[in-house]
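For reference, the structure is listed below as structure tokens.
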Amino acid sequence: MDLMHHSSTFLLPTIPLHHRPSLTYALVVLNQTLPRFAPLLWKHAQLRLCADGGANRVFDEMPLLFPEEDASDVRRRYKPDVINGDMDSIRKEVLDFYRSLGTKIIDKSHDQDTTDLHKCITYIWDFAPDANKSSLCILVAGALGGRYDHEMGNLNVLYCFSSLRIVLLSDDSLIYLLPRTHHHEIHIQTSVEGPHCGLIPIGVPSRSSTTTGLQWNLNDSIPDYSFLLSLAAKL
Amino acid sequence: MIAMDLMHHSSCFLLPTIPLQRRPSLTYALLVLNQNLPRFTPLLWNHAQLHLCADGGANRLYDEMPLFFPQEDASDVRRRYKPDVIKGDMDSIRREVLEFYASLGTEIVDKSHDQDTTDLHKCVTYIRDSASGLDKSNQLCVLVVGALGGRFDQEMGNLNVICRFSSMRIVLLSNDSLIHLLPRTYCHEIHIQTSVEGPHCGLIPIGTPSKSSTTTGLQWDLNNTAMEFGGLVSTSNIVKEEKVTVQSDCDLLWTISIKKL
Numbered sequence: 001m002d003l004m005h006h007s008s009t010f011l012l013p014t015i016p017l018h019h020r021p022s023l024t025y026a027l028v029v030l031n032q033t034l035p036r037f038a039p040l041l042w043k044h045a046q047l048r049l050c051a052d053g054g055a056n057r058v059f060d061e062m063p064l065l066f067p068e069e070d071a072s073d074v075r076r077r078y079k080p081d082v083i084n085g086d087m088d089s090i091r092k093e094v095l096d097f098y099r100s101l102g103t104k105i106i107d108k109s110h111d112q113d114t115t116d117l118h119k120c121i122t123y124i125w126d127f128a129p130d131a132n133k134s135s136l137c138i139l140v141a142g143a144l145g146g147r148y149d150h151e152m153g154n155l156n157v158l159y160c161f162s163s164l165r166i167v168l169l170s171d172d173s174l175i176y177l178l179p180r181t182h183h184h185e186i187h188i189q190t191s192v193e194g195p196h197c198g199l200i201p202i203g204v205p206s207r208s209s210t211t212t213g214l215q216w217n218l219n220d221s222i223p224d225y226s227f228l229l230s231l232a233a234k235l
Numbered sequence: 001m002i003a004m005d006l007m008h009h010s011s012c013f014l015l016p017t018i019p020l021q022r023r024p025s026l027t028y029a030l031l032v033l034n035q036n037l038p039r040f041t042p043l044l045w046n047h048a049q050l051h052l053c054a055d056g057g058a059n060r061l062y063d064e065m066p067l068f069f070p071q072e073d074a075s076d077v078r079r080r081y082k083p084d085v086i087k088g089d090m091d092s093i094r095r096e097v098l099e100f101y102a103s104l105g106t107e108i109v110d111k112s113h114d115q116d117t118t119d120l121h122k123c124v125t126y127i128r129d130s131a132s133g134l135d136k137s138n139q140l141c142v143l144v145v146g147a148l149g150g151r152f153d154q155e156m157g158n159l160n161v162i163c164r165f166s167s168m169r170i171v172l173l174s175n176d177s178l179i180h181l182l183p184r185t186y187c188h189e190i191h192i193q194t195s196v197e198g199p200h201c202g203l204i205p206i207g208t209p210s211k212s213s214t215t216t217g218l219q220w221d222l223n224n225t226a227m228e229f230g231g232l233v234s235t236s237n238i239v240k241e242e243k244v245t246v247q248s249d250c251d252l253l254w255t256i257s258i259k260k261l
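As they're listed, the protein sequences go chains A and B. Residue numbers for the first sequence follow the UniProt record's numbering, beginning at 1 and rising by one. Residue numbers for the second sequence follow the UniProt record's numbering, beginning at 1 and rising by one.
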């Protein structure tokens, strides 16, 4: 099986130039309190989207992360490229503010079949040229915590888009899928993550899995099913 | 369709008083884990016959219960909300909190040698096997606060506990939601307490894909519908009737939003 490399370099202040694999980051902000490292993720991302009420969060909370600066300056600096979703949570003044700055507004209120995260991932998928998809990594803030059915719906999005690198981040943890189609090498950035971690066979039991490098390794043969990897965030 | 026993569910533990004729009649135990206390914790405490803290959950009780009663003296509140048992590996509880409750007569059960199970697992086992003072003539229901949110691997570990103890009624509660298992061996009737919960709900095939699930009472009912991660998972559903029924070929997780009162 092919090897897939993973590394949380997006949590580092600067991403090492020689770092492999070289990835293009997109950031999706959902409607929960921004994690404290949101500005860092924003900086690494080439594309920044808000899913509906995520725009309220950027508007209200980015200035709080820069208390010594003028709130409007911070808001202008952290302007999303796109706001996508069913628009039932975003406040009118927030929508008007970002629209006036040139943010692209995509109103999907007619689509009640998919979650806001799903809509955003689909947008990014359609937006990125085919050649770039394997080097794309989507960072998502605000997908964990809050309403539990939302959290589960967001986990399901990882499985529905199993060929895309998608990382869900909260203040406490990050999680991403380890598809069963690959062997995985996870390069731990000890300055910013760990030591607590977990491997979760969500949705489907795994008959066998093997790990190295953990305190309690799994020792069986080739993994049969996709796993979620959970790493504690240290920042 | 195989005839199966009926299992009733109702979130009466979220009501100020539990109606006397409520069926089934349940005995509640409350377990406090190490996260911020949800705003309705005093209500759950009133309904419970047994009150346990898992390790650092005792810090939460000590620090945060007085905040719900700002007009009262903090020590009075702490004495009133004294856990019966503090159990776990004791690596989070603060020394002064441990001593405070020990001096009030709380039973301290130190399981620091056991690193193979989570604090929730240890406490559920304790409630099931050892807890005295519980009216076991009624069915037991364990209410757990602080099991959701926080570190994701811990949340998943807690979810695994309710899947492993699938024959017990265990409800995980946060400020936003409650979740509990619907074992596949029963048909389920969920009586919605519309004053305190809903309308957002979901059904999650947490352990295995479901080839067939059927519901009534939801906006988007399932009708012999298959569900699995990577495909359809019923989330952002809406409760439409006061009674929701669920039948499935696999254990499902039921989740419903809790109203911000």
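Beta carbons are placed, not taken as given, at the ideal position from N, Cα and C, and that holds for glycine. Everything numeric in this text was worked out from a predicted model, so none of it was measured.
In the same chain as Pro179 of chain A, and ignoring 5 residues on each side of it, the C-beta atoms closer than 8 Å to its own belong to Met4, Ser162, Ser163 and Ser226, in chain order.
Under the Cβ distance rule, Cys120 of chain A does not count among the residues neighbouring chain B, no pair being separated by less than 8 Å.
The DSSP-derived three-state label of Asn36 of chain B is coil. The beta-carbon of Arg57 of chain A is placed no less than 8 Å from the nearest beta-carbon of chain B. Within 10 angstroms of the beta-carbon of Ser135 of chain A lie fewer than 16 other beta-carbons, which makes it exposed. Looking at the backbone, the Cα of Thr194 of chain B and that of Trp42 of chain A are separated by about 40 Å.
In this structure the region 83 to 101 of chain B lies against the region 48 to 61 of chain B, because at least three pairs of beta carbons, one per stretch, are closer than 8 Å. Taking a contact to require three or more Cβ pairs closer than 8 Å, the region 131 to 151 of chain A and the region 179 to 196 of chain A do not qualify as touching.
Residue contact with chain B for Ser173 of chain A: present (Cβ-Cβ distance below 8 Å to some residue of chain B).
Note that the region 102 to 109 of chain A does not touch the region 6 to 22 of chain A; fewer than 3 beta-carbon pairs, one per stretch, sit closer than 8 Å. Residue range Ala71 to Arg77 is occupied by the alpha helix (DSSP H) that includes Ser72 of chain A. Nearest CB-CB separation between Thr235 of chain B and chain A: below the 8 Å threshold. Legend: CB atoms of the region 186 to 211 of chain A lying less than 8 Å from CB atoms of chain B belong to residues His196, Cys197, Gly198, Ile200, Ile202, Gly203, Val204 and Pro205. Of all residues in the UniProt domain "Thiamin pyrophosphokinase catalytic" (40 to 167) of chain A, only Thr115, Leu144, Gly145, Gly146, Arg147, Tyr148, Asp149, His150, Met152, Gly153, Leu155, Asn156, Tyr159, Cys160 and Ser162 come within less than 8 Å of chain B when Cβ atoms are compared, listed by chain position. Approximately 24 Å separates the beta-carbon atoms of Val109 of chain B and Val77 of chain B; this is outside 8 Å, ruling out the contact. Ile192 of chain B has a beta carbon lying at 8 Å or more from every beta carbon in chain A. At a cut-off of 8 Å between beta-carbon atoms, Arg79 of chain B makes no contact with chain A.
Residue ranges of uninterrupted alpha helix (DSSP H) with 4 or more members, entirely inside the region 89 to 128 of chain B and ordered along the chain, are 95 to 103.
Spatial neighbours of Lys240 of chain B in its own chain (CB-CB distance under 7 Å, excluding positions within 5 residues in sequence) are listed in chain order as Gly217, Leu218 and Gln219. When DSSP states are grouped into helix, strand and coil, Val192 of chain A belongs to the coil group. With at least 16 other beta carbons inside 10 angstroms of its own, Asn84 of chain A counts as buried. Asp96 of chain A and Thr33 of chain A have their C-alpha atoms spaced approximately 21 Å apart. Rounded to whole angstroms, Ile124 of chain A and Asn31 of chain A show a C-alpha spacing of 18 Å. Taking a contact to require three or more Cβ pairs closer than 8 Å, the region 41 to 49 of chain B and the region 185 to 199 of chain B do not qualify as touching.
Per DSSP, Arg207 of chain A has no beta bridge partner at all.
In this structure, the alpha-carbon of Leu139 of chain A lies about 11 Å from that of Ser170 of chain A.
When beta bridges are read from the DSSP output, Lys108 of chain A appears opposite no residue. The three-state reading of DSSP puts Val28 of chain A in strand, counting E and B together. Check the Cα spacing between Ala29 of chain B and each of B:Trp45, B:Leu203 and B:Ala226: the tightest is with B:Trp45. Look at the region 196 to 211 of chain B: the residues with a C-beta under 8 Å from a C-beta of chain A are His200, Cys201, Gly202, Ile204, Pro205, Ile206, Gly207, Thr208 and Pro209. Bridge partners of His5 of chain A according to DSSP: A:Glu185. Contact between the region 87 to 98 of chain B and the region 147 to 158 of chain B is absent, with fewer than three C-beta pairs closer than 8 Å. Counting along the chain, Gly202 of chain B sits inside the beta strand (DSSP E) bounded by residues Glu197 to Ile204. For the set A:His187, A:Leu65 and A:Met1, the Cα lying nearest the Cα of Val74 of chain A is the one of A:Leu65. Going by C-alpha positions, Pro205 of chain B is about 44 Å away from Pro67 of chain A. Scanning A:Leu214, A:Leu199 and A:Gln215 for the CA closest to the CA of Ser208 of chain A turns up A:Leu199.
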